[in-house]
Amino acid sequence: LAALGLVSLSTTQPRVPEWHDALTLWEAEAHKPGEHWVRGHKLGTALGRAGRFAEAEVAFDRSLAQHPHDGPTLARRLLASLAADGWTEQDAAAVPFLEPPPGDGRAWMRAAEAVRRAGRPDLAAMAMRQAEAVTVRPLPP
1250 LAALGLVSLS TTQPRVPEWH DALTLWEAEA HKPGEHWVRG HKLGTALGRA
1300 GRFAEAEVAF DRSLAQHPHD GPTLARRLLA SLAADGWTEQ DAAAVPFLEP
1350 PPGDGRAWMR AAEAVRRAGR PDLAAMAMRQ AEAVTVRPLP P
């Protein structure tokens, strides 16, 4: 079994030389040709975990440009933006409304209000657009 592990490692290492941790993997992946929204989402998540919030915002924005109504990406984008300019008590109060990501229009409206109370009407507007996008409207008769 140990020999199998060594063989597996020896064949994987050359194919994924960037794999040291999630951040280095996704930073390398982001520079490869072609675009896919998951790259920006994963890179933004790794950057956020590393405390590089302004860079995380940019990565999440790239992802949202390709997949505009992805709730988890938007929620993490909003959290990164709150953290980027210094974490406050009001920012912390908004976290439960964004993590886990809101699941429906009403939850996004509550998240928008929490972000607005944190002093970020620009981010609240983003959350409200998401609320409108995910709210199912009945068809006219």
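Residue numbers for the sequence shown follow this note's numbering, beginning at 1250 and rising by one. Ideal Cβ positions, reconstructed from N, Cα and C, are used throughout, including at glycine.
Residues near residue i in its chain [Cβ-Cβ closer than 6 Å; skip 5 each side]
i       : result
LEU1323 : GLN1379
HIS1318 : ALA1382
HIS1316 : TRP1286
GLY1297 : ALA1305, ALA1329
Alpha-carbon to alpha-carbon, residue j and residue i
i       : j       : result
GLU1381 : ALA1343 : 19 Å
MET1375 : GLY1283 : 27 Å
GLY1354 : LEU1372 : 16 Å
MET1377 : MET1358 : 6 Å
ARG1325 : GLY1289 : 11 Å
GLY1352 : LEU1327 : 15 Å
PRO1321 : ALA1363 : 17 Å
TRP1286 : ALA1295 : 15 Å
PRO1337 : SER1312 : The sequence given here places Thr at residue 1337; Pro does not occur at that position. Between THR1337 and SER1312, the C-alpha separation is close to 26 Å.
PRO1349 : ALA1356 : 11 Å
Terminal residues of the alpha helix (DSSP H) in which residue i lies
i       : result
ARG1366 : 1354-1366
GLU1392 : Look at the range of the chain in this structure, 1250 to 1390, and you will see that residue 1392 is not part of it.
ALA1333 : 1320-1333
GLY1297 : 1286-1298
Supposed close pair residue i, residue j - CB separation, criterion 8 Å
i       : j       : result
ALA1360 : PHE1346 : 4 Å
ALA1314 : LEU1292 : Not really, about 14 Å apart at Cβ, beyond 8 Å.
Cutoff 8 Å; reference residue i; Cβ partners in own chain excluding five residues on either side
i       : result
ASP1310 : GLY1289, ARG1326
ASP1224 : The requested residue 1224 is not part of the displayed model; the chain covers only 1250 to 1390.
Beta-carbon proximity list for residue i, same chain, < 7 Å, skipping 5 on both sides
i       : result
THR1384 : GLY1354
### Message
Measuring CB atoms only, is the region 1298-1317 touching the region 1331-1338, in the sense that at least three cross pairs come out at less than 8 Å?
### Response
Flag = yes, the region 1298-1317 and the region 1331-1338 touch.
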